[in-house]
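Mapping the sequence shown onto numbering that gives the first Met the number 0, position 100 (from 1) lands on 99, and the numbers just tick up by one.
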Amino acid sequence: MHISSFIFWFQNEFKTFLTAAGHKLAVVEFSSTWCGPCKRMCPIFHAMSVKYQNVFFANVDVNNSPELAETCHIRRIPTFQMFKKSQKIFEFCGADAKILEAKIQELM
């Protein structure tokens, strides 16, 4: 499912998104507009959302959603969290597109 433009502001939206994903993989990018590595990953993340139509993709801007970032224990950006059945199954920090794509392929 192509949802790369879906941006969360509130925790209830985030929970709804994870519930909608169900047993499918959900990948959430925590980033910010001022972050250089985040800017580099943005078009890559978007391209992956087009390539992997059976995966749910979303973005959380940590500046616009600080409470959600805190709830998800985000300490560095970009951080990518992957979920199935609303449970976090993988997380990594950094702008490494190869790791991101390899984990998507492994977990979907």
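Cβ coordinates follow ideal geometry from the N, Cα and C atoms, glycine included.
- [ ] Whole angstroms is fine: what's the gap from Q104's alpha carbon to L24's?
- [x] Position 105 of the sequence shown holds residue 104. Position 25 of the sequence shown holds residue 24. Whole-angstrom Cα-Cα distance: 10 Å.
Task: C-alpha distance - A94 paired with I76, whole-angstrom precision - done: Along the sequence shown, read from residue 1 onward, the residue named residue 94 stands at position 95. Along the sequence shown, read from residue 1 onward, the residue named residue 76 stands at position 77. A94 and I76: Cα-Cα distance of roughly 9 Å.
Task: N-terminal and C-terminal residue of the alpha helix (DSSP H) that V49 is part of - done: As a first step, residue 49 must be located in the sequence shown, where it is residue number 50. From DSSP, the alpha helix (DSSP H) with V49 extends over G35 to K50.
Open item on the list: I'd like to know whether the C-beta atoms of V27 and V54 end up nearer to each other than 8 Å.
Closed with: Locating residue 27 in the sequence shown gives position 28, counting from the first residue. Locating residue 54 in the sequence shown gives position 55, counting from the first residue. No, the Cβ-Cβ distance between V27 and V54 is not below 8 Å.
Open item on the list: Rounded to the nearest angstrom, what separates Q10 and I43 at their Cα positions?
Closed with: Taking the first residue of the sequence shown as 1, we reach residue 10 at position 11. Taking the first residue of the sequence shown as 1, we reach residue 43 at position 44. Rounded to whole angstroms, Q10 to I43 spans 25 Å at the Cα level.
Task: Per-residue DSSP class, three states only, for T32 - done: In the sequence shown, counting from the first residue as 1, residue 32 sits at position 33. It is coil, neither helix nor strand.
Open item on the list: Which residues does DSSP list as the beta-bridge partners of N53?
Closed with: As a position in the sequence shown, residue 53 is number 54, starting the count at 1. According to DSSP, which records beta bridges pairwise, N53 is partnered with nothing at all.
Task: Sequence-distant residues of its chain with Cβ nearer than 6 Å to R39 (five each side left out) - done: For this step, residue 39 is matched to residue 40 along the sequence shown. Within the same chain, R39 has close Cβ partners A94.
Task: Three-state secondary structure (DSSP) of N62 - done: Working through the sequence shown from its first residue, we reach residue 62 at position 63. N62: coil per DSSP, three-state reduction.
- [ ] Report the rounded CA-to-CA distance for E69 versus N58, giving the unit in angstroms.
- [x] Taking the sequence shown and counting its residues from 1, the one referred to as residue 69 is at position 70. Taking the sequence shown and counting its residues from 1, the one referred to as residue 58 is at position 59. A straight-line Cα-Cα distance of about 15 Å links E69 and N58.
TODO: Leaving out five residues on either side along the sequence, give the residues of the same chain with a beta carbon under 7 Å from the beta carbon of F91.
DONE: Locating residue 91 in the sequence shown gives position 92, where the first residue counts as 1. Once the five neighbours on either side are set aside, the close Cβ partners of F91 are F79 and I98.
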